[in-house]
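Okay, so here's the structure we're looking at.
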DNA sequence: CGCCAAATGCAACACTGTTGCATTTATGGT
DNA sequence: ACCATAAATGCAACAGTGTTGCATTTGGCG
Ligand SMILES: [Mn+2]
Ligand SMILES: [Mn+2]
Ligand SMILES: [Zn+2]
Ligand SMILES: [Zn+2]
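Residue numbers (our numbering), protein chains in the order written: chain A, 3 to 149; chain B, 3 to 149.
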């Protein structure tokens, strides 16, 4: 059987989520799906603004808000205080292991370890997201300085 | 025995760290020591700018940088992407348990659970900080809406 | 005291994100 | 295919956070 389920098109995902299908939303969601790591607003803007008419800065913010609001993208703040966005689907394949962020080069590495279980909460508390953030320097950035 | 070691004065800590003792640094470090949770720049500014001549905005940024650089304060980004600072000492008493951040009211709660051990890293990687971030809504914010 | 590097104050700036409002567009109903 | 309408867009102006340059002041030290 050579035909697995084909990945759903961004336009269909957007429609299914109950949002209007616009060129901006499709292009942004495509970019997020293609990305290897969460992208910030500036990265998306330069990446999408290249050819074409390009997306307006404010519209890009609103497109991202819309995708997050409809559950198609995730928003998280990075160590520099900048929001980064990722396609929701892309997240699932990275949900079962820990990530390591290199403070030198900014790279993200997948570790072969399961994330720790969420702790027990006091009565009445509701659990949201749990994030296990491991930072340090990768092999390349830790290598002895070769000046 | 009624005399335990008295807490060292901010001025002494600053001097011992090898930094000039200035009024701004002392006041900021005092504020950080007195605080129950990490403070952001704006909170410190309004808290210190009250009486007195008040600290200049830029100077406050540089004072905080200096304290962090000398190991007297810790800098971390909050969920909104704003940097928050805490006195280094205050951190140690919170190093052995997990914290819960309420996305509703912004409150920080101490949980009775140990932080998970750091994962094994690939060869050459150097471990920096490990952060176990648990978010959700506290009992108050999770309570049934009483409109 | 007097020196001097370091710290401060001030102005101007850069980056990230938001708000208001007029115009355009996607979509459902005819 | 057309129209009506609510939603999305583009543009300008703004707010919050953090930085840089430079002249002035000040802490620490001989
Ligand atoms: Mn991964
Ligand atoms: Mn605690
Ligand atoms: Zn690296
Ligand atoms: Zn709360």
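Virtual Cβ for every residue (Gly too), placed ideally from N, Cα, C.
Worksheet item: Closer than 9 Å, CB to CB, is residue 120 of chain B near chain A or not?
Response: As a working note, residue 120 of chain B is residue 118 in the second chain. Yes, its Cβ sits closer than 9 Å to a Cβ of chain A.
Worksheet item: Given a threshold of 16 other Cβ atoms within 10 Å of its Cβ, counted over all protein chains shown, does residue 115 of chain B qualify as buried or as exposed?
Response: Here residue 115 of chain B is taken as the residue at index 113 of the second chain, counted from 1. Buried.
Worksheet item: Quick one: which chain A residues come within Cβ less than 8 Å of residue 79 of chain B?
Response: Indexing the second chain from 1 puts residue 79 of chain B at position 77. Those within 8 Å of residue 79 of chain B in chain A are 79, 80, 81, 82 and 83.
Discussion item. For residue 77 of chain A, list the residues DSSP reports as bridge partners.
Written reply: On the first chain, residue 77 of chain A is found 75 positions in, with the first residue counted as 1. Bridge partners of residue 77 of chain A: A/87.
Item to complete: Could you run through the segment 124 to 143 of chain A and flag, in chain order, every residue whose CB is less than 9 Å away from some CB of chain B?
Response: 124, 125, 126, 127, 128, 129, 130, 131, 132, 133, 134, 135, 136, 137, 138, 139, 140, 141, 142 and 143
Worksheet entry | Buried/exposed call for residue 75 of chain A, threshold 16 Cβ in 10 Å | Taking the first chain and counting its residues from 1, one reaches residue 75 of chain A at position 73. It is buried - the Cβ of residue 75 of chain A has at least 16 other Cβ atoms within 10 Å.
Worksheet entry | Where the beta strand (DSSP E) containing residue 130 of chain B begins and where it ends | Numbered from 1 along the second chain, position 128 holds the residue referred to as residue 130 of chain B. Looking at the DSSP string, the run of the beta strand (DSSP E) that includes residue 130 of chain B is 128 to 139.
Practice prompt. Report yes or no: is there a C-beta of chain A within less than 9 Å of the C-beta of residue 69 of chain B?
Written response: Translated into positions along the second chain, residue 69 of chain B becomes position 67. Residue 69 of chain B does not count as touching chain A.
Worksheet entry | Among B/133, B/134 and B/138, nearest to residue 131 of chain A - alpha-carbon criterion | Reading the first chain from its first residue, position 129 is the one you call residue 131 of chain A. Closest option to residue 131 of chain A, Cα to Cα, is B/138.
Discussion item. Could you tell me the alpha carbon to alpha carbon distance between residue 63 of chain B and residue 73 of chain B, rounded to whole angstroms?
Written reply: For this step, residue 63 of chain B is matched to residue 61 along the second chain. For this step, residue 73 of chain B is matched to residue 71 along the second chain. Those two C-alpha atoms are separated by around 15 Å.
Item to complete: Give me whichever residues DSSP pairs with residue 1 of chain B in a beta bridge.
Response: This structure leaves residue 1 of chain B out entirely; chain B is present only between 3 and 149.
Practice prompt. State buried or exposed for residue 11 of chain B, treating a residue as buried only when at least 16 other CB atoms are found within 10 Å of its CB.
Written response: As a position in the second chain, residue 11 of chain B is number 9, starting the count at 1. Label assigned to residue 11 of chain B: exposed.
Practice prompt. Can you pull the chain B residues whose beta carbon is under 9 Å from the beta carbon of residue 115 of chain A, in chain order?
Written response: For the purposes of this step, residue 115 of chain A is identified with residue 113 of the first chain, where counting begins at 1. Neighbours of residue 115 of chain A on chain B, chain order: 121 and 122.
Worksheet item: Which residues, in order along the segment 9 to 21 of chain A, keep a beta-carbon less than 9 Å from a beta-carbon of chain B?
Response: none
Item to complete: If I'm right that residue 89 of chain B touches residue 34 of chain B with Cβ under 8 Å, what's the distance once you round it to whole angstroms?
Response: As a working note, residue 89 of chain B is residue 87 in the second chain. As a working note, residue 34 of chain B is residue 32 in the second chain. Confirmed, Cβ separation roughly 4 Å.
Practice prompt. Kindly indicate the opening and closing residues of the alpha helix (DSSP H) around residue 2 of chain B.
Written response: Limits of chain B in this structure are 3 at one end and 149 at the other, which puts residue 2 of chain B out of reach.
Worksheet item: So which residues of chain A does residue 87 of chain B contact, with C-beta pairs closer than 7 Å?
Response: As a position in the second chain, residue 87 of chain B is number 85, starting the count at 1. Chain A residues near residue 87 of chain B: none, gap ~13 Å exceeds 7 Å.
Fill in: Per-residue burial, residue 60 of chain B [other beta carbons within 10 Å of its own, 16 or more giving buried]
Against the second chain, residue 60 of chain B aligns to sequence position 58. Its Cβ having fewer than 16 others within 10 Å, residue 60 of chain B is exposed.
Discussion item. Taking 9 Å as the threshold (beta carbon to beta carbon), is residue 100 of chain A in contact with chain B?
Written reply: Translated into the one-based positions of the first chain, residue 100 of chain A becomes position 98. For residue 100 of chain A, the answer is yes, since a Cβ of chain B falls inside 9 Å of its Cβ.
Discussion item. By DSSP's criteria, residue 103 of chain B is part of a beta bridge. Which residues make up the other side?
Written reply: For this step, residue 103 of chain B is matched to residue 101 along the second chain. BP columns for residue 103 of chain B point to B/110 and B/137.
Worksheet entry | Same chain, Cβ closer than 7 Å to residue 56 of chain A, neighbours up to 5 away in sequence not counted | For the purposes of this step, residue 56 of chain A is identified with residue 54 of the first chain, where counting begins at 1. Counting only Cβ-Cβ distances below 7 Å, and skipping sequence neighbours, we find 50.
Discussion item. Quick check on residue 104 of chain A: buried or exposed, where buried means 16 or more other Cβ atoms within 10 Å of its Cβ?
Written reply: On the first chain, position 102 is the one that residue 104 of chain A refers to. Flag for residue 104 of chain A reads buried.
Practice prompt. Count the other C-beta atoms from every protein chain shown that fall within 10 angstroms of the C-beta of residue 68 of chain A, then say buried if there are 16 or more, exposed otherwise.
Written response: Translated into the one-based positions of the first chain, residue 68 of chain A becomes position 66. Buried.
Fill in: Nearest-angstrom Cα separation, counted from residue 121 of chain A out to residue 85 of chain A
The residue you call residue 85 of chain A lines up with position 83 of the first chain. The residue you call residue 121 of chain A lines up with position 119 of the first chain. One C-alpha to the other measures close to 26 Å.
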